[in-house]
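Undergrad: This is the structure I have questions about; it appears just below.
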Amino acid sequence: MVERSVPQQSAAEPILESIEAASRATWRDFVQVTKPGINKSNLFATFAGYLLAARFALFDWSTLVFTLLGTALVIAGGCAINNYYDRDIDPLMERTKSRPVPDGRLKPKTVLWYGTLLTVLGTLALAFGVNLLSAALALVGFGVYVFIYTMWLKRTSTWNTVIGGVCGSVPPMLGWVAVTNSLDLNAWALFLILFMWQPPHFYALAILKEDDYRRAGIPMLPVVKGLKETKKQTLIFTLLLIPSSVLLFLTGAGSWFYLICALVLGGVYVALAIKGFYTDDQVKWSKQMFFYSLIYLTTILLVMMLDVVITEGIAMLTR
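Residue numbers are given in the numbering used here: position 91 of the sequence shown equals residue 77, and the series is strictly consecutive.
What follows is the structure, encoded as structure tokens:
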């Protein structure tokens, strides 16, 4: 009986595989793993928080640049590490299977080190270019996103959306802290707006991508508790969003213009959430909720900034 020899992997093969993967990668792949869409929206929220705190008197371009740069790098780092960790479930979902890591264009370890480097650079930019509190706050957001959300709750609990929302609520706080170096009531008001906004936003997406999440074994609320419970929680969070947004008026950070806009925007959101209990076309309603969530966030952040311009302009004219 002749024994067949099992071919042994040469020491050079892993190196050749890395070279082959690197040759397929482009600069766009390194950008894609940082989730630039998420980063842009978070930077917009950061700028809104900064302008709301600085107004005209304390506005400083150098501080703003370091704030946005540091925030962008930390968010990019967290997103890259998220891509690294989710490489086992991303191939199971249509919307993620073509990402650079599951598609083989980037090696997992490359993405892990890339994410780590971005996070360190971002933290240093905030610590030395802004203040230590902003750096610490950014690391809290990073920690919640990577360790609590990505590595734990995303795969184990329907609370992944709510608790994971903490990291997405940090950017406007970070903008405020960059100016004031304090976590006062206004900072927490900014946090609450983003925190209450996120569950309805992601629940709508989860309904639209329910089959994807079920296939990957991710316990999103519609998958585990069903559509009725998802609609109920969506309504609760949209209702809580209204007093959360009003808080900025009560602290004096927002004027009557801001208050009226916030109430109108919140009222429309609640009306759409209620509509979900009386509609037969769940897909159409989910799309409406998802797209309005984007409109709501963009508009209320714009209103915050416009409110500063209006109130500061009036103050200058009346001096």
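Glycine is no exception: its CB is placed at the ideal position from the N, C-alpha and C atoms.
As the structure is a prediction and not an experimental result, all values here were calculated from the model.
#1: Which word fits L280, buried or exposed, when buried means at least 16 other C-beta atoms lie within 10 angstroms of its C-beta?
#2: Can you tell me the Cβ-Cβ gap for V165 and L44, rounded? I've got them flagged as a contact below 8 Å.
#3: Where does the unbroken alpha helix (DSSP H) through E80 begin, and where does it stop?
#4: Please report the straight-line C-alpha distance between M159 and Y264, rounded to a whole angstrom.
#5: Where does V116 sit, in a helix, a strand or coil, going by DSSP?
#6: Does S231 pass the burial test, meaning 16 or more other C-beta atoms within 10 Å, or should it be called exposed?
#7: If the criterion is Cβ atoms closer than 8 Å, does the pair A192 and T224 meet it?
#8: For N146, does the count of other Cβ atoms within 10 angstroms reach 16, so buried, or fall short, so exposed?
#9: Which first and last residues belong to the alpha helix (DSSP H) in which A257 is found?
#10: Pair every Cβ in the region 129 to 142 with every Cβ in the region 79 to 97, then say whether three or more of these pairs are closer than 8 Å.
#11: Less than 8 Å between the C-beta atoms of T49 and L29, yes or no?
#12: Would you mind stating whether L234 and N172 have Cβ atoms separated by less than 8 Å?
#13: For M302 and W242, I'd like the C-alpha separation in whole angstroms.
#14: Span of the alpha helix (DSSP H) holding L207?
#15: Cα separation between A8 and I246?
#16: Are the CB atoms of I222 and G252 within a distance shorter than 8 Å?
#17: Which of the three DSSP states is assigned to V19 in this structure?
#18: Which value, in whole angstroms, describes the spacing of the CA atoms of K273 and D267?
#19: Is there a Cβ of chain C sitting closer than 8 Å to that of N146, yes or no?
#20: Taking the alpha carbon of I300 as the reference point, which residue from V19, G23 and F42 has its own alpha carbon closest?
#21: Who are the Cβ neighbours of L287 in its own chain at under 7 Å, not counting the five residues just before and after it?
#22: Look at L180 and G154 and say whether their C-beta atoms are less than 8 Å apart.
#23: Pull up the CB-CB distance for L37 and A111, whole angstroms please, since I reckon it's below 8 Å.
#24: Shortest alpha-carbon distance to T216 belongs to which of G238, F188, L226 and Y199?
#25: Out of A239, R73 and P86, point me to the one whose CA is closest to T12's CA.
#26: Would you identify the three-state DSSP class for T12, choosing helix, strand or coil?
#27: Using CA coordinates, which residue listed in V256, A121 and K195 is at the minimum distance from M182?
#28: Taking the straight line between their C-alpha atoms, what separation do you get for D46 and R200?
#29: So A190 is in the alpha helix (DSSP H); what residue range does that whole segment cover?
#30: Tell me whether D307 sits in a helix, a strand or coil according to DSSP, three-state version.
#31: For W271, report the span of its alpha helix (DSSP H) as first-last.
#32: I need the DSSP call for E(-11), collapsed to helix, strand or coil.
TA: According to the structure data:
#1: exposed
#2: 6 Å
#3: Element bounds for E80: n/a, residue is neither H nor E.
#4: 37 Å
#5: coil
#6: S231 is buried by the Cβ-count criterion.
#7: no
#8: Only buried fits N146, as 16 or more other CB atoms lie within 10 angstroms of its CB.
#9: W242 to K261
#10: No, they do not touch.
#11: no
#12: yes
#13: 18 Å
#14: L207 to V210
#15: For A8, the predicted structure reports a pLDDT of 48, less than 50, and the residue's modelled location is therefore unreliable. A value from the coordinates is still provided. Going by the C-alpha atoms only, they are around 53 Å apart.
#16: no
#17: Three-state result, V19: coil.
#18: 10 Å
#19: In the structure shown, chain C does not exist; there is a single protein chain.
#20: F42
#21: F30, A31 and A34
#22: yes
#23: Actually they are not in contact, since the Cβ atoms of L37 and A111 sit about 19 Å apart, beyond 8 Å.
#24: F188
#25: If we check each option's Cα against that of T12, P86 comes out closest.
#26: Note: T12 maps to coil in three-state DSSP.
#27: V256
#28: 48 Å
#29: For A190, the enclosing alpha helix (DSSP H) stretches over residues L171 to L194.
#30: There is simply no residue 307 to check, as the chain begins at -13 and stops at 305 in what is shown.
#31: Q268 to L303
#32: The predicted position of E(-11) is uncertain, since its pLDDT is 39 and thus under 50; a value taken from the coordinates is nonetheless stated next. Of the three classes helix, strand and coil, the one that applies to E(-11) here is coil, per DSSP.
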